[in-house]
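Trainee: Counting from 1049, one number per residue, gives the positions in the sequence shown under the working numbering. Got a structure here, written out as structure tokens. Questions coming.
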Amino acid sequence: MDDVKAMTRAGETVGKAVGSGWLAVRRSAKRAGQASADATTKAAHAADRKLTERGVAPQQLAVALAESAEVARQEVVKTTRRARKKLARKAKHTRKELAKAAKQARKDAKKSKPAKRASKSAKQARNDAKQLTASFKADAPKRRRRWPKVMLLVVAAAGVAYVVRSKTAAPEPTPVPEPRQQATESPSDSPSAESNSQHNGQPTRKSTTKQG
């Protein structure tokens, strides 16, 4: 318990010390600000007294300061423009020099032996490519002429095969016997003939048909 009380008292003392320290700092800062303000006002009054003694009003001093600031700004603008123009001229000159150097390097590269060999090989490759394309173009019409003949032969063979298949698949039709006329029919099959014979007074005859 004694330790706790001691810690509590220590914290309170530290807090009081910190608070008093902050208060002292604020007071000192306030005093410093007031002192600087007083010094500024004193310096301004002293400058006004000196200007009035020399016959220059403070307003004239402000105008003179503004004019001098404008002149300084114009001078800065002029110097920046001059610097930009100078830089542009230098950049243009350097570009020209680089272009000349690149042109000379290309000429030197063309004059060298490896460059000549490379150009010759490139020309040879172009010539070979032209010859290959010409040969392909020459062979193309011949192939086009052969294709229609082959197609005609295939179509003719397909037609012949279809005709042969149709002939072998369809059998020949068997002859159908014509129906006999009523006069050839037997009297037993026609009841009308039997009735006619009975009316005439003639006996009816049984047909002797063999049963198979």
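Positions of the beta carbon are idealized from the N, C-alpha and C atoms, including for glycine. All values reported here derive from a predicted model rather than from experimental measurement.
Work out the CA separation of E1123 and E1115 for me, nearest whole Å.
Mentor: Locating residue 1115 in the sequence shown gives position 67, where the first residue counts as 1. Locating residue 1123 in the sequence shown gives position 75, where the first residue counts as 1. Cα-Cα distance, rounded: 12 Å.
Trainee: If you reduce the DSSP assignment to three classes, tell me which class S1068 lands in.
Mentor: One-based indexing of the sequence shown puts residue 1068 at position 20. S1068: helix per DSSP, three-state reduction.
Trainee: What does the alpha-carbon distance come out to for the pair R1129 and V1111?
Mentor: In the sequence shown, counting from the first residue as 1, residue 1129 sits at position 81. In the sequence shown, counting from the first residue as 1, residue 1111 sits at position 63. So the alpha carbons of these two residues sit roughly 27 Å apart.
Trainee: Output the distance between the C-alpha atoms of R991 and A1085, rounded to the nearest integer angstrom.
Mentor: Because residue 991 is not part of the residues shown, which for the chain are 1049 to 1260, the question remains open.
Trainee: Please report how far the alpha carbon of S1076 lies from the alpha carbon of H1093, in whole angstroms.
Mentor: By one-based count along the sequence shown, residue 1076 stands at place 28. By one-based count along the sequence shown, residue 1093 stands at place 45. The alpha-carbon atoms of S1076 and H1093 are separated by roughly 26 Å.
Trainee: By how many angstroms is the C-alpha of T1088 removed from the C-alpha of A1095?
Mentor: Within the sequence shown, numbered from 1, the residue matching residue 1095 stands at position 47. Within the sequence shown, numbered from 1, the residue matching residue 1088 stands at position 40. Approximately 10 Å between the Cα atoms of the pair.
Trainee: Quick one: grab the DSSP three-state call for S1183.
Mentor: Along the sequence shown, read from residue 1 onward, the residue named residue 1183 stands at position 135. Of the three classes helix, strand and coil, the one that applies to S1183 here is helix, per DSSP.
Trainee: If you run the structure through DSSP and keep just helix, strand and coil, what is S1160?
Mentor: Locating residue 1160 in the sequence shown gives position 112, counting from the first residue. Three-state DSSP puts S1160 in coil, outside helix and strand.
Trainee: Can a CB atom of chain D be found closer than 8 Å to the CB of R1079?
Mentor: As a matter of chain content, chain D is missing from the structure shown, which is built from one protein chain.
Trainee: How many angstroms separate the CA atom of S1068 from the CA atom of A1091?
Mentor: Reading the sequence shown from its first residue, position 20 is the one you call residue 1068. Reading the sequence shown from its first residue, position 43 is the one you call residue 1091. The straight-line gap from Cα to Cα measures roughly 34 Å.
Trainee: Pull up the distance between the alpha-carbon of A1170 and that of A1206, whole angstroms please.
Mentor: As a position in the sequence shown, residue 1170 is number 122, starting the count at 1. As a position in the sequence shown, residue 1206 is number 158, starting the count at 1. Cα-Cα distance, rounded: 53 Å.
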